[in-house]
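So the sequences go chain by chain: A and C. Going letter by letter, the first sequence gives residues 1 to 108 in the numbering used here. Going letter by letter, the second sequence gives residues 1001 to 1141 in the numbering used here.
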Amino acid sequence: MTVKKLAEKYSFEVLSMPEPEKEINGGYIGDLLSWVMGRAEASNIWLTIMTNMNIAAVAQLSDVSAVLICEGARPDSDVISTAKEKGVNILLSADTAYNTAVRISSDI
Amino acid sequence: MSESLNFHFDVDGENFVSAGQASVQVKKNLRRLGLPPEIIRQVSIALYEGEINMVIHAHGGTADINVFEDKIEIILADKGPGIADINLAMQEGYSTATENVRSLGFGAGMGLPNMKRYTDEMKIESEVGVGTTITMCVYLK
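Structure below.
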C-alpha cells in the first residue's frame, strides 16, 4: 500500500507528504535512532514517539517510506518543513505505537 | 588503481540538530552516480553514525568519501578524546554518551556496531588524548 492510501484509510493526520506514492513494505517500531538505522529495512514504515529534528535525517538515510508518529506526539514546525525539503513523509496517529501497528498490520 | 571521486566535509561539532549534512549530501551525490540503492543506504547510515559520534564525543572532525570503481571508502578523522577500549566500544549497548544526548534518541551504544554492520571493512585507529580515525569500505562488486 502507498503512504497516501494508508493515511487515507486510517485517517492519519498528514504533516508532510512529499512522496505520497512510496510503497510501504513492513514496519519497524523504535525510538532509539541507531536501532532504527540498524534494524529497520528500506520501505518500512517507522512508528515512533520521537519528534526531534534528527528523525528527518534518520528517515531519509534509512529509506523508510514514512515516519508514523504515535501517541499524539507532535513535532515542531521546523521539523515538518525540513521533512518536506528532504522528501520525508510524516504521519500522525493519536493511538499508541502498539495499537497503531496492530491496526495497519494487514495492509503493510 | 584508477582515479577516485572524492568528497570532503568538515563536521560541525557544535550543532547536533543539523548533524548529518555530510551524509545527506553524499547520499545525493551517490544517487547521481547511479549506484545501487542498498549500497547508498549502507554508506549513508555508516557515515551518519560516524558524524553523530564526532558531534557527541569529539567536537566535530572531518569526513572524506572516496568513490573508486570497485569500492567506496569512508574516512572519519577527529581530534577528540580517543577511545580507550575499542573492543568495549564495539559492543552493542555500550555507550559513554550523556543523558542529554540519550534524550534525543542517540547514545544507545549502536553507532560503531552499525558502522561495522553496514560496511565490508572497518578499521579504528585511536589514541587517548589525540583523536580517532575510522576507515570503512563498502565494496561495489
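Don't be surprised by glycine CBs; every beta carbon is placed ideally from N, CA and C. The structure presented is a predicted model; accordingly, all values stated were derived computationally and were not measured.
Spell out whether any CB of chain C is found under 8 Å from the CB atom of residue i.
| i | result |
| --- | --- |
| residue 87 of chain A | no |
| residue 46 of chain A | no |
| residue 6 of chain A | no |
| residue 27 of chain A | no |
| residue 92 of chain A | no |
| residue 83 of chain A | no |
| residue 34 of chain A | yes |
| residue 95 of chain A | no |
| residue 101 of chain A | no |
| residue 17 of chain A | no |
| residue 1 of chain A | no |
Here's the rule: buried if 16 or more other CB atoms are within 10 angstroms of the residue's CB, otherwise exposed. What is residue i?
| i | result |
| --- | --- |
| residue 41 of chain A | exposed |
| residue 1120 of chain C | exposed |
| residue 11 of chain A | exposed |
| residue 1048 of chain C | buried |
| residue 1037 of chain C | exposed |
| residue 1084 of chain C | exposed |
| residue 1033 of chain C | exposed |
| residue 1113 of chain C | buried |
| residue 18 of chain A | exposed |
| residue 1051 of chain C | buried |
| residue 60 of chain A | buried |
| residue 1028 of chain C | exposed |
| residue 102 of chain A | exposed |
| residue 1005 of chain C | exposed |
Using three-state DSSP, classify residue i as helix, strand or coil.
| i | result |
| --- | --- |
| residue 1059 of chain C | coil |
| residue 41 of chain A | coil |
| residue 1123 of chain C | strand |
| residue 1054 of chain C | helix |
| residue 1078 of chain C | strand |
| residue 107 of chain A | helix |
| residue 1131 of chain C | strand |
| residue 1028 of chain C | helix |
| residue 1136 of chain C | strand |
| residue 16 of chain A | strand |
| residue 1071 of chain C | strand |
| residue 1045 of chain C | helix |
Counting only C-beta atoms, is residue i closer than 8 Å to chain A at any point?
| i | result |
| --- | --- |
| residue 1009 of chain C | no |
| residue 1045 of chain C | yes |
| residue 1114 of chain C | yes |
| residue 1093 of chain C | no |
| residue 1142 of chain C | For residue 1142 of chain C there is no data in the structure shown, the boundaries of chain C being 1001 and 1141. |
| residue 1081 of chain C | no |
| residue 1036 of chain C | no |
What does residue i touch in chain B if you count any residue whose Cβ is under 8 Å from its own?
| i | result |
| --- | --- |
| residue 31 of chain A | Absent here is chain B; the protein component of the structure consists of chains A and C. |
Item to check | Proximal residues, the region 1048–1064 of chain C versus chain A, C-beta separation under 9 Å | outcome: Within the region 1048–1064 of chain C, those residues whose Cβ lies closer than 9 Å to any Cβ of chain A are, in chain order, 1048, 1049 and 1052.
Checklist entry - What are the uninterrupted segments assigned as beta strand (DSSP E) that are 3 or more residues long and contained completely in the region 48–85 of chain A, given in chain order? => result Restricting attention to beta strand (DSSP E) runs no shorter than 3 residues, the region 48–85 of chain A encloses them at 66–69, ordered along the chain.
Checklist entry - Of the residues that make up the region 50–77 of chain A, which ones have a beta carbon closer than 7 Å to any beta carbon in chain C? => result So the list reads 50, 52, 53, 54, 57, 60, 61, 62 and 63, given in the order they occur along the chain.
Checklist entry - Along the region 1015–1033 of chain C, what residues have a CB closer than 9 Å to any CB found in chain A? => result Cβ contacts with chain A: 1016, 1017, 1018, 1019, 1020, 1021, 1023, 1024 and 1027.
Item to check | Interface positions of the region 1106–1136 of chain C facing chain A (Cβ-Cβ less than 9 Å), listed along the chain | outcome: Listed by position along the chain: 1106, 1107, 1108, 1109, 1110, 1111, 1113, 1114, 1117 and 1118.
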